[in-house]
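Let me begin by presenting the structure, written as structure tokens, before commenting on it.
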Amino acid sequence: MRNIVLILSFQLIMINLLFSSTISLEKIEPMFWWTKMKNPNLQLMVYGKNIAETKAYIDYAGVEIKKQSQVENPNYLFVDLIISKNAKAGKFYISFKKGKKVIEKFEYELKARKDDSQNRDGFNSSDAIYLLMPDRFSNGNPANDNVNGMLEKSNRTKPLGRHGGDIQGIENHLDYLEELGITALWLNPLLENNMPVESYHGYAITDFYKTDTRFGTNEDYLRLVEKCHSHGIKVIIDLIFNHCGSKHWWMNDLPMQNWIHQFPEFTRSNYRAGTIVDPYASDFDKNKMQTGWFDKTMPDLNQNNEFLSNYLIQNSIWWIEYANLDGVRMDTYPYPYKNMMTKWAKRVMAEYPNFNIVGEAWLGKPSLVSYWQKDALNFDGFNSHLPSVFDFPLMYKLSSAFNENDGWDTGLSSLYDILGEDFLYPNPDNLVTFLDNHDGDRFFNKINGIFNSYKMATAFLLTIRGIPQIYYGTEILMDGKEHVSHGDIRKDFPGGWENDKENAFLQSGRSKKQDEAFNYMSKLLNWRKNNEVIHTGNLKHFIPENGIYVYFRYNSENAVMVILNNNDKSKTIDTKRFNECLANYNSGSEIITDKELLDISTISIGKKSAMIIELKK
Numbered sequence: 002m003r004n005i006v007l008i009l010s011f012q013l014i015m016i017n018l019l020f021s022s023t024i025s026l027e028k029i030e031p032m033f034w035w036t037k038m039k040n041p042n043l044q045l046m047v048y049g050k051n052i053a054e055t056k057a058y059i060d061y062a063g064v065e066i067k068k069q070s071q072v073e074n075p076n077y078l079f080v081d082l083i084i085s086k087n088a089k090a091g092k093f094y095i096s097f098k099k100g101k102k103v104i105e106k107f108e109y110e111l112k113a114r115k116d117d118s119q120n121r122d123g124f125n126s127s128d129a130i131y132l133l134m135p136d137r138f139s140n141g142n143p144a145n146d147n148v149n150g151m152l153e154k155s156n157r158t159k160p161l162g163r164h165g166g167d168i169q170g171i172e173n174h175l176d177y178l179e180e181l182g183i184t185a186l187w188l189n190p191l192l193e194n195n196m197p198v199e200s201y202h203g204y205a206i207t208d209f210y211k212t213d214t215r216f217g218t219n220e221d222y223l224r225l226v227e228k229c230h231s232h233g234i235k236v237i238i239d240l241i242f243n244h245c246g247s248k249h250w251w252m253n254d255l256p257m258q259n260w261i262h263q264f265p266e267f268t269r270s271n272y273r274a275g276t277i278v279d280p281y282a283s284d285f286d287k288n289k290m291q292t293g294w295f296d297k298t299m300p301d302l303n304q305n306n307e308f309l310s311n312y313l314i315q316n317s318i319w320w321i322e323y324a325n326l327d328g329v330r331m332d333t334y335p336y337p338y339k340n341m342m343t344k345w346a347k348r349v350m351a352e353y354p355n356f357n358i359v360g361e362a363w364l365g366k367p368s369l370v371s372y373w374q375k376d377a378l379n380f381d382g383f384n385s386h387l388p389s390v391f392d393f394p395l396m397y398k399l400s401s402a403f404n405e406n407d408g409w410d411t412g413l414s415s416l417y418d419i420l421g422e423d424f425l426y427p428n429p430d431n432l433v434t435f436l437d438n439h440d441g442d443r444f445f446n447k448i449n450g451i452f453n454s455y456k457m458a459t460a461f462l463l464t465i466r467g468i469p470q471i472y473y474g475t476e477i478l479m480d481g482k483e484h485v486s487h488g489d490i491r492k493d494f495p496g497g498w499e500n501d502k503e504n505a506f507l508q509s510g511r512s513k514k515q516d517e518a519f520n521y522m523s524k525l526l527n528w529r530k531n532n533e534v535i536h537t538g539n540l541k542h543f544i545p546e547n548g549i550y551v552y553f554r555y556n557s558e559n560a561v562m563v564i565l566n567n568n569d570k571s572k573t574i575d576t577k578r579f580n581e582c583l584a585n586y587n588s589g590s591e592i593i594t595d596k597e598l599l600d601i602s603t604i605s606i607g608k609k610s611a612m613i614i615e616l617k618k
């Protein structure tokens with residue numbers, strides 16, 4: 002009996018030794034790369050059981066292994082490559098050897114980079130961006146609503162559940178966006194969010210290289226971009242470097258303990274982004290802002306980890322190149338470490354010099370937001386190299402200006418004053434302006450459902466400096482309040498589901514008021530689309546008086562006069578005051594009504610309304 006026990010014990014020991022020395026290869030990221038990239042360096046993250054016990058070998062002309070790094074977890078190996086400018090597109094094997102024995106092989110591919118890839122034009126002030134939430138826009142393929150292996154199933158009755166919108170649904174309505182006058186599309190994240198609940202929004206990524214299968218495949222995403230381009234619509238990817246989802250595949254087997262910020266107990270960010278700019282802020286507050294988790298299901302990534310930093314930077318470049326993208330929107334921009342974000346912005350812009358990136362710096366004052374735009378004259382010498390930021394200060398003023406009586410610094414004067422702070426921005430023409438977005442009250446609620454205020458604000462947004470962004474459904478007066486729930490401000494677009502009672506994608510499915518709103522915005526957007534003076538022209542404005550705000554967009558050849566009347570009665574304006582802009586013009590055409598103005602010495606404007614006048618000599 003004793004011999005039997007000894008034999009069994011020996012067998013168990015041998016089995017354990019054999020199991021512990023097992024080596025396998027599960028994945029390499031990025032899965033492929035391109036020739037002729039400006040930066041010749043590429044770092045591969047290799048993952049598999051005890052893969053660090055091996056060494057990688059490559060025999061391919063133009064590709065050299067520069068360095069191999071083992072880290073705390075033996076299931077990871079980081080392999081640094083140099084890809085010469087003479088490397089040819091093709092496939093080759095990466096062999097992983099232990100001693101002289103090949104344990105695993107991976108077929109890697111260098112794809113041929115298109116010759117014009119680096120010269121692509123990003124979104125700019127000639128564009129109008131449409132922000133939509135894929136899960137809430139349109140369900141084009143009900144077959145992918147529920148997918149095996151995905152933790153959350155579709156349930157349209159839940160405001161914070163999965164509703165089934167997808168890539169095919171977006172593709173089905175590109176004609177609608179083109180008719181509206183949209184030239185760029187910002188999609189909330191399409192990457193995999195395989196979380197148990199409430200991940201429809203896309204900001205809890207569980208795989209940085211994979212489109213969520215409930216939206217479609219990577220190939221579907223690629224096809225969508227191609228079709229958008231055929232409609233004259235650019236595509237902007239939404240990225241997150243601050244956090245990932247708690248069900249990300251690496252969370253159960255982290256490469257290093259400092260891959261994420263960890264605490265003895267759950268520690269939430271204080272969300273005080275202003276502390277990063279504040280010269281008097283305590284280290285404690287700044288640290289909590291940047292290392293605290295955004296939410297319990299969103300682990301905070303440590304961008305000071307050089308391997309993670311490389312991973313995120315390469316991932317963004319991979320998507321830009323793979324999907325032929327036209328821009329990046331970066332979520333929660335001040336939350337990651339700013340020096341790493343600067344490194345990222347420089348890397349992307351070096352690879353794509355005409356590209357554009359907009360960062361979400363949710364702060365209420367131009368002095369705080371401007372800190373994050375490239376070439377700002379900051380007190381500490383910091384340069385983000387980030388080309389664009391969202392104009393949150395203007396958004397706040399637009400949310401209140403039309404609800405207030407006009408005073409020294411209220412009503413229309415608040416719009417005048419906030420634009421007067423543009424000297425703080427290195428490039429105000431490259432700010433993204435907006436009335437509302439996916440994280441706050443719908444604009445129609447902000448203005449208490451007053452339609453004339455909606456039209457004035459829309460006219461202002463589409464004629465002022467910057468790059469206007471429209472939140473899906475604003476064109477049809479969709480409502481919702483953030484304090485009710487995020488689901489309330491992210492309702493399904495009517496007509497995006499087969500059995501919807503209304504279909505606002507069609508004129509016949511819109512109410513009279515919705516159709517009037519759509520047509521108003523569409524007319525302005527399509528007029529703006531080909532109007533260079535609005536894209537790049539100078540701005541000159543005059544102090545609002547008696548509830549009237551007048552400003553001009555002009556260049557050496559053309560001028561546009563915009564008048565906002567915030568009064569509850571019509572007004573007639575003597576235009577002598579504006580002679581410095583009108584001296585060379587004697588008539589005009591009002592683009593909203595198509596009315597010809599043969600004499601502009603005086604101009605009459607209706608109550609609570611806007612006029613946009615193309616001036617004529």
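Its first residue numbered 2, the sequence shown is counted upward by one per residue in the working numbering.
Ideal Cβ placement from N, Cα and C applies to all residues, glycine included.
Own chain residues within Cβ distance below 8 Å of residue i, not counting five before or after
i	result
E483	D440, G441, D442, D489 and I490
H542	Y417, L420, Y550, V551, Y552 and F553
I8	Low confidence applies to I8: its pLDDT is 45, below 50, so where it sits in the model is not reliable enough to give any reading.
E180	S523
K230	Residue identity check: residue 230 is His in the sequence provided, not Lys. If we look at H230 and ignore the five residues flanking it on each side, its Cβ neighbours are V236 and N325.
L175	K228, C229, H232 and I234
S85	P41, G63, V64 and E65
Span separating the alpha-carbon of residue i from that of residue j
i	j	result
L13	T23	Residue placement at L13 is poorly supported in this model, since its pLDDT is 44, which falls under 50; the coordinates still yield a value, given next. In a straight line, the C-alpha of L13 is about 15 Å away from that of T23.
K289	N428	31 Å
D117	S127	21 Å
A205	I613	43 Å
P256	A53	11 Å
M15	D286	Confidence in M15 is poor, its pLDDT being 44 and thus under 50, which makes the residue's placement unreliable; the coordinate value appears in the next sentence. Distance between the alpha carbons of M15 and D286: 53 Å.
V370	A362	6 Å
L133	M331	15 Å
F20	Y77	Reliability of the predicted coordinates at F20 is poor, the pLDDT of 47 falling under 50, and no value is obtained from them.
F1	A402	This structure cannot speak to residue 1, because the chain is shown only from 2 to 618.
N533	P41	For clarity, residue 533 is Glu in the given sequence; the question names Asn instead. So the two alpha carbons sit approximately 38 Å from each other.
N149	E220	19 Å
K565	T411	Reading the sequence as shown, one finds Leu at residue 565 and not Lys. So the two alpha carbons sit approximately 14 Å from each other.
P337	K154	32 Å
R3	L26	For R3, the predicted structure reports a pLDDT of 46, less than 50, and the residue's modelled location is therefore unreliable. A value from the coordinates is still provided. Spanning the two alpha carbons is a distance of roughly 40 Å.
S400	D430	21 Å
One or two residues paired with residue i in a DSSP bridge
i	result
M331	L240 and G360
Y201	Answer is none; Y201 lacks a bridge partner.
S605	T573
G91	L111
M562	F553 and I614
K99	K102
K235	A185
Q44	D81
R163	S155
Y472	L132
H542	Y552
Cβ shell of residue i (< 7 Å), same chain only, five flanking positions each side left out
i	result
N355	N120, R121, D122 and G123
K297	F267
D516	Q508
CB of residue i within 9 Å of CB of residue j, strictly
i	j	result
I95	V80	yes
I237	L161	no
T573	S605	yes
R157	M38	no
L425	P388	no
N303	N253	no
F209	L191	no
F380	Q470	no
W294	T276	no
N305	M341	yes
S33	E110	The question names Ser, yet the displayed sequence has Phe at residue 33. Yes, they are a contact pair.
T445	M479	Here residue 445 turns out to be Phe, not Thr, going by the sequence shown. The answer is yes: Cβ separation under 9 Å.
Other residues of its chain near residue i: CB distance less than 6 Å, five sequence neighbours each side excluded
i	result
T1	In the structure as shown, the chain starts at 2 and stops at 618, and residue 1 therefore has no counterpart that could be examined.
N311	Q44
I314	W345 and R348
L18	The predicted position of L18 is uncertain, since its pLDDT is 44 and thus under 50; no value can be drawn from it.
Nearest-angstrom beta carbon gap, residue j and residue i [assumed within contact, 8 Å]
i	j	result
K228	E172	6 Å
A88	A57	Not confirmed; about 17 Å, so no contact.
Min CB distance residue i to chain C below 9 Å
i	result
K89	In the structure shown, chain C does not exist; there is a single protein chain.
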